[in-house]
Amino acid sequence: MDEGPPRLLGRRCSACGTYFFPPLIEACRNPVCAGGPLEEVPLSRTGRIWSYTNACYQPPEPFVSPDPFEPFAIAAVELERERMVVLGQVVRGVGVESLKVGMPMELVYETLHHDGEVAKIVWKWRPLADDSLQVIAEPAR
Amino acid sequence: MSREVAVLGVGMHPWGKWGRNFVSYGVHAARAALKDAGVDWRDVQFVSGAATMRCGYPGYVAGATFAQALGWQGAQIHTSYAACASGSQALAAAREKILSGACEVALVVGADTTPKGFLAPAKGYRPEDPDWVRFYIGITNPTYFALYARRRMDLYGATEQDFAAIKVKNAAAGAVNPNARYRKKYSVEEVLGSAMVADPLRLFQICATSDGGAAVVLSSLDYARRHGHRDPVRVAAISTVSPRFASSEVEMPDIATDSAATAEGHSFRTSIARKAYEEAGIGPEDLSLAEVYDLASSMELDWYEYIGLCAPGGAEQLLRSGATALGGRVPVNPSGGLASFGEAVPAQALAQICELAWQLRGQAGERQVAGARVGITANQGLFGHGSSVILKR
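First to last, the sequence lines map onto chains C and B. Quick note on numbering: the first sequence equals residues 8 to 148 in my numbering. Quick note on numbering: the second sequence equals residues 246 to 638 in my numbering.
See the structure below:
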């Protein structure tokens, strides 16, 4: 993890410009593209809620639950530049009652679980304090 | 040349949580379908099995497993796996075999024995598998159902009462279906009083996993005629299309959609039935009934739109009008749907076929749709699998 604001790393086809996430995708999936090398790129760190829900019951493995299980909210957030919806947990302490379709969100890092002494970090979505999405949205690359 | 084949017979093992080997359900369903068709097992030339991933090697080679269990008789065998569309792909394999002239009569079978609780991914540390990754970050199947439901509420004004009303409607139909697992009728209040699982969806609105088996005997129209089936139910279309890039709706088990930045966005679920209509040369206005995949009650509303019963945003009004209930203009899920069955993955698409066949033959008893002539099925599952089948009389 580098310095600077939290970013989700995706990939982008050097031939056709299509974005991909998760970055384990290894070849361009655009059927009109013969397939160029995929470059690692940071994705937009803000977007708007496409939809949202929560997990009231403990998911099965490989999910690692705190004991006792703590329900968490989940958001599907549409990134404007990439025109892609990315799912993720919502930060601790924010429930579905605080969320709405279209609401601006930003990406942050939070601990998913501990593996012994090691904190496993994951991306999560957090509501933007005000509707300042236009201001902090990244310019197109 | 006609692309139609005859549905000579159908059969099921009742859905439940019986805990027996899946093979016993498949054999039960197969024998029921053969009896219904008046076909001797030894005359079947092709056995097409829908695989189960949960019952070890015999499940991976389901076609052979069922053929051996019924008694090896030399038929050609085949197995399909396509998640929730497995049964339809097994049906399609049998149809193609018949239409190519390679056989005249085929048996299609799917059956499953399921574990308790959430469906879970395969074991081990496998971050390259999207199905593993989404569970690792806490995203289960009901997460996806709930995302669709919440979006309907926000975009189209769907209410929790609407979602509950679907469950009430389907439970009422399932209560008079002897093959359904759940035979209890529900009130809206009971449904809304059940525990929240994935907001806004509650326990009684999310389908369970079940044991069950279903089978279909298919033949050429000529074979049907020669064996005294004067007016058989016919398969008019089978669609097993895959998505188009950019698939721009959130789909199990992915944690991100395709990017529609450089390609037009497409809705996979809308494309599934469209292909079936094109192949059958009919439209949604011709339907007498439909069996669709209510993995959650709210998703039945999505399917009204995906199969063209109404325009996007019109499903709530269609539901509230009563058109999709038994006795309505175009009943949806007269079998009771997944709400009453729970899901037995490789058997479920075939169970939909069984219901349409009984309905089109006027043999559906208390849940009979009067004068049924044309029916459609629709389902969708993981990894770009979906199917839609049209049967007609």
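Don't be surprised by glycine CBs; every beta carbon is placed ideally from N, CA and C. Owing to the predicted nature of the structure, the values given are computational and were not obtained by experimental measurement.
First and last residue of the uninterrupted beta strand (DSSP E) at residue i
{"i": "Asp531/B", "result": "No beta strand (DSSP E) holds Asp531/B; DSSP gives it neither H nor E."}
{"i": "Pro591/B", "result": "Pro591/B -> not in any beta strand (DSSP E); alpha helix (DSSP H) instead, spanning Val590 to Leu605."}
{"i": "Phe586/B", "result": "No beta strand (DSSP E) holds Phe586/B; the alpha helix (DSSP H) holding it covers Gly582 to Phe586."}
{"i": "Gln290/B", "result": "Neither: Gln290/B is in no beta strand (DSSP E) and is coded neither H nor E."}
{"i": "Met91/C", "result": "Met91 to Val97"}
Partner residues on chain C for residue i, Cβ-Cβ distance less than 8 Å
{"i": "Phe380/B", "result": "Pro66, Pro67, Glu68, Pro69 and Phe70"}
{"i": "Glu545/B", "result": "What Glu545/B touches in chain C: nothing, since even the nearest Cβ is about 18 Å away."}
{"i": "Ala365/B", "result": "Pro67 and Glu68"}
{"i": "Met396/B", "result": "Here the sequence assigns Arg to residue 396/B, which means Met is not the residue at that position. Neighbours of Arg396/B on chain C, chain order: Trp57, Ser58 and Val108."}
Contact list for residue i against chain B, beta-carbon separation under 9 Å
{"i": "Val98/C", "result": "Per Cβ cutoff of 9 Å: no residues; Val98/C is ~13 Å from chain B at best."}
{"i": "Leu114/C", "result": "In chain order: nothing, as chain B lies at least about 13 Å away."}
{"i": "Arg133/C", "result": "Result: empty, since nearest Cβ-Cβ is about 15 Å, beyond 9 Å."}
{"i": "Leu119/C", "result": "Tyr381, Ile382 and Gly383"}
Where the alpha helix (DSSP H) through residue i begins and ends
{"i": "Arg340/B", "result": "Ser331 to Leu344"}
{"i": "Ser58/C", "result": "Element bounds for Ser58/C: not the alpha helix (DSSP H) but the beta strand (DSSP E), Thr53 to Ala62."}
{"i": "Ala231/B", "result": "Beyond the ends of chain B as shown, which are 246 and 638, falls residue 231/B; an answer cannot be given."}
{"i": "His190/B", "result": "Nothing about residue 190/B can be reported from this structure: the residues present for chain B run from 246 to 638 only."}
{"i": "Gln313/B", "result": "Ala307 to Leu315"}
{"i": "Asp547/B", "result": "Ser542 to Tyr551"}
{"i": "Ser566/B", "result": "Ala560 to Ser566"}
Per-residue burial, residue i [other beta carbons within 10 Å of its own, 16 or more giving buried]
{"i": "Arg148/C", "result": "Its pLDDT being 38, under 50, Arg148/C is placed unreliably in this model, and the value from its coordinates should be taken loosely. Per the 10 Å Cβ criterion, exposed."}
{"i": "Trp132/C", "result": "buried"}
{"i": "Leu352/B", "result": "buried"}
{"i": "Phe513/B", "result": "buried"}
{"i": "Lys107/C", "result": "exposed"}
{"i": "Gly42/C", "result": "exposed"}
{"i": "Val142/C", "result": "Note on Val142/C: pLDDT 42, under 50, position unreliable in the model; the coordinate value appears next. With fewer than 16 Cβ atoms within 10 Å of its Cβ, Val142/C is classed as exposed."}
{"i": "Ala505/B", "result": "buried"}
{"i": "Pro146/C", "result": "Bear in mind that a pLDDT of 42 at Pro146/C, under 50, signals an unreliable position, so the number given afterwards is only what the model happens to contain. Classification for Pro146/C: exposed."}
{"i": "Glu85/C", "result": "buried"}
{"i": "Ala125/C", "result": "Before going further, note that residue 125/C is Val rather than Ala in the sequence given. Answer is exposed; the Cβ neighbour count stays below 16."}
Contacts of residue i in chain C (Cβ-Cβ under 7 Å)
{"i": "Ile411/B", "result": "Within chain C, no residue comes near Ile411/B; the closest Cβ sits about 18 Å away, beyond 7 Å."}
{"i": "Ala391/B", "result": "Thr60"}
{"i": "Thr404/B", "result": "Near Thr404/B there are no residues of chain C at all, since even the closest Cβ is about 15 Å away, more than 7 Å."}
{"i": "Trp548/B", "result": "Here the premise fails: no neighbours, minimum Cβ distance about 18 Å."}
{"i": "Asp399/B", "result": "Val108"}
heavy atom of the ligand ADP below 8 Å from residue i C-beta
{"i": "Cys329/B", "result": "Ligands displayed in this structure: none; no statement on the ligand ADP is therefore possible."}
Under 8 Å by beta carbon: chain B residues contacting residue i
{"i": "Thr53/C", "result": "Ordered by position in chain B, no residue passes the 8 Å Cβ test against Thr53/C, which lies about 16 Å from the chain."}
{"i": "Gly95/C", "result": "Ile382 and Ile500"}
{"i": "Ala156/C", "result": "With chain C covering 8 to 148 only, the question about residue 156/C has no answer from this structure."}
{"i": "Phe79/C", "result": "Gly383"}
{"i": "Glu88/C", "result": "In the sequence as presented, Glu is not what sits at residue 88/C; that position holds Arg. Ala506, listed in chain order."}
{"i": "Val101/C", "result": "Correct list: empty, because the minimum Cβ distance to chain B is about 13 Å."}
Beta-carbon neighbours of residue i, restricted to chain C and to distances below 9 Å
{"i": "Phe490/B", "result": "Thr25, Arg36, Asn37, Pro38 and Val39"}
{"i": "Pro640/B", "result": "With chain B represented from 246 up to 638, any question about residue 640/B goes unanswered, as that position is not in the structure."}
{"i": "Arg618/B", "result": "Neighbours of Arg618/B on chain C: none; closest Cβ ~38 Å, over 9 Å."}
Chain B residues whose Cβ lies nearer than 7 Å to that of residue i
{"i": "Pro126/C", "result": "In the sequence as displayed, the identity of residue 126/C is Ala instead of Pro. Simply none; closest approach about 15 Å."}
Whole alpha helix (DSSP H) elements within the region 365-420 of chain B, 4-residue minimum: 375-381, 386-401 and 405-419
Short-range partners of chain C found in the region 427-444 of chain B, where Cβ spacing is below 8 Å: Residues Ala440, Met441, Val442, Ala443 and Asp444.
Cβ-based contacts, 9 Å cut-off: residues of the region 35-48 of chain C near chain B: Taking a C-beta cut-off of 9 Å against chain B, the contacting residues of the region 35-48 of chain C are Arg36, Asn37, Pro38, Val39 and Cys40, listed in chain order.
Residues from the region 300-333 of chain B in contact with chain C, defined by Cβ distance under 8 Å: none
Contacting positions in the region 585-600 of chain B - beta carbon closer than 8 Å to chain C: So the list is empty, because no residue satisfies the distance condition.
Proximal residues, the region 496-511 of chain B versus chain C, C-beta separation under 9 Å: Interface annotation for the region 496-511 of chain B against chain C: Asp499, Ile500, Ala501, Thr502, Asp503, Ser504, Ala505, Ala506, Thr507, Ala508 and Gly510, criterion Cβ-Cβ distance under 9 Å.
Sequence ranges, beta strand (DSSP E) only - wholly within the region 420-495 of chain B, length at least 3: 441-443, 456-464 and 478-484
Chain-ordered residues of the region 443-468 of chain B with a beta carbon less than 7 Å from chain C: Ala443 and Asp444
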